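Using the working numbering, the first residue of the sequence shown is number 1, and each one after it goes up by one. Glycine included, every Cβ here is placed at the ideal spot set by N, Cα and C. Since this is a predicted model, take the numbers as computed values, not measurements. These notes are about the structure you will find just below.
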Amino acid sequence: MLKTKQLTLLDDLGNQSEDWTFTGASTRELTHCYHDYPARMIPQVAGKLLDMFVAVDATLLFDPYCGTGTSLVEGLIRGMHVVGTDLNPLARLIAQAKTDTPDLAQIDNQISKFNRFVLRSKSHVIAEAPMIEGISRLEFWFKPYVVEKLAELKRFIDGIPDDSVRLFFRIAFSETVRESSNTRNEEFKLYRYDVERLKKFNPDVFEIMVGKLKRNRAGLQKYLAIMHNFKHPPTANVYGFNTVTDIPSHLVAPASVDIVVTSPPYGDSHTTVAYGQYSRLSAAWLGLQEPDKVDSKLMGGAVQKKVHKFQCVPLDNALEAICQMDEKRAMEVAAFYNDLSKSISHVATVVKPGGYACYVVGNRKVKGIMLPTDASIRCFFENHDFEYIDTFHRSIPNKRMPLRNSPTNAAGVVENTMLQEHIVVMRRKIPRTLREKGKTSSRAKTAQRRV
Ligand SMILES: C[S@@+](CC[C@H](N)C(=O)[O-])C[C@H]1O[C@@H](n2cnc3c(N)ncnc32)[C@H](O)[C@@H]1O
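Structure follows, in structure tokens:
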């Protein structure tokens, strides 16, 4: 319903491309308010890409690194069916919740029950601390009274009969776990508060949960107001397959996707953003599988024995320069690009001829050498019959991301490495035979629209 016209002339792009910063825009509208996450894409970027490149009759969006599902939500409100995948189970759970359409009356009913439960349980004390699989030192990460309150919350949530309502509560619980833990909330890695700060840290667990439910309910109401306008609501599917190995054709068929809108990781989890560490405490409380093993499964997590050529001059030059300083580091970096190129080789097959792939990336420095992730994405797609459309540049005003990591990997050495995002847009070439047919059908479509 919010769909706009597809741009057909590349010349038109210049007029559309000026402002990608969206300074001052709220990035937490609709269900985008549900949960924080490292290096989230801002909804405005996904939305603008869809408005620029999606044809009126486009039906399917795919996000191969969907995280919390920002682009999925933006696709859905434009009436597209959406499919996302992510290896981090917590990200998947958030994406599922954000794209779900629970019944608001049932949510309200459960929130009322929850408020009564909070009043009743003020004096309640649990005899025994629970065992939470995946957190060996529970008392290190949570104060004892916090553990009790979280256990009470969990029991309440586990007793909610409706799946969608329970999912809505689980997401609010996940942020409550994070905010009431002894971790420094401003960091994505797991660091405990220092002793002084810990003394003063006495979170009101129930109050946090009440606040999250209220905020998320307001976002959901606005989201539902949009989604209920669809006569045939579009569908959302969130999976956990790894595009580095393959894309199961029964989940995403070859040449079926109109547009890919995604933001891959900036590098391997260990030296860039540790998605697994960020998610670990919540994931363990929620009973998600192996919360401590996520980071090693993500892109670039596997060790590589050699730095091979990628047939991409800017990337090969950068790797060569790093290799001369530190071969081991060059191999670690190459492992990430190896995974990225394999993933793109699979993603390329599911995009329709004439369909788009939009990748939002940051270029980081390693050993003082700028790694050209934007140019690499262009090369990798060009190797699979895609043509380059454009790269839009976006300065990052206040995103929580590793702006100041250590490109030398030396302790205490901090440098600004990413202040810009690059939005690389590629299009799958249309074979000549299809082009000939398309001329007739697009003339027919234009005529239909006029009618
Ligand atoms: C930059 S974040 C995506 C954020 C997302 N656009 C959002 O707005 O929430 C990158 C994501 O890639 C995921 N990831 C890393 N390697 C992956 C892989 N091989 N397959 C699927 N997801 C992967 C991480 O778990 C992380 O959620």
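According to DSSP, which residues form a beta bridge with ALA172?
In DSSP, ALA172 forms no bridge with anything.
Which whole runs of the beta strand (DSSP E) in the region 335-401 are 3 residues long or more, in chain order?
As far as the region 335-401 is concerned, its whole beta strand (DSSP E) runs of at least 3 residues are 351-361 and 386-395.
Just how far apart, CA to CA, sit TYR145 and ALA151?
Taking the straight line from one Cα to the other gives about 10 angstroms.
Measure how close the beta-carbons of LEU104 and LEU220 come, nearest whole angstrom, since I'm counting them as under 8 angstroms.
7 angstroms
Is any heavy atom in ligand 1 found nearer than 6 angstroms to the beta carbon of ALA284?
Closer than 6 angstroms to some heavy atom of ligand 1: that does not describe the Cβ of ALA284.
Nearest by alpha-carbon distance to ASP162: which of TYR193, ASP108 and SER174 is it?
Check the Cα spacing between ASP162 and each of TYR193, ASP108 and SER174: the tightest is with ASP108.
Between PHE156 and the rest of its own chain, which residues show a CB-CB distance below 6 angstroms, the 5 nearest in sequence each way excluded?
PHE117
Can you round the beta-carbon distance between ASN383 and ASP374 to whole angstroms, since I take them to be within the 8 angstroms contact cut?
About 16 angstroms separates the two Cβ atoms, so there is no contact after all.
Let me make sure I understand the geometry here. Which of ASP19, GLU29, VAL83 and LEU434 has the alpha-carbon closest to that of PRO248?
For PRO248, the nearest C-alpha among the options comes from VAL83.
Which runs of the beta strand (DSSP E) at least 3 residues long sit entirely within the region 221-300? Give them in chain order.
236-239 and 257-262
Could you tell me the alpha carbon to alpha carbon distance between CYS458 and MET370, rounded to whole angstroms?
For the chain, the structure presents residues 1 to 451; residue 458 sits outside this window and is missing.
Report back the beta-carbon spacing between SER341 and PHE386 to the nearest angstrom; my notes put them in contact at under 8 angstroms.
Wrong, their Cβ atoms sit about 13 angstroms apart, outside the cutoff.
Relative to ligand 1, what is the chain-ordered list of residues with a Cβ closer than 5 angstroms to any of its non-hydrogen atoms?
TYR37, ALA39, ARG40, MET41, TYR65, GLY67, THR68, THR70, ASP86, LEU87, ASN88, ALA91, ASN242, VAL244, SER263, PRO265, TYR275, LEU298 and MET299
Tell me whether ARG28 sits in a helix, a strand or coil according to DSSP, three-state version.
For ARG28, the secondary structure class from DSSP, reduced to helix, strand or coil, is coil.
What's the gap between the Cα of ASP292 and the Cα of THR349?
So the alpha carbons of these two residues sit roughly 32 angstroms apart.
Please report the distance separating the alpha-carbon of ALA274 from that of PRO38.
8 angstroms
DSSP three-state assignment for VAL205, whether helix, strand or coil:
Here VAL205 sits in helix by DSSP.
Buried or exposed by the 16-neighbour rule on C-beta atoms within 10 Å, applied to VAL361:
Buried is the call here.
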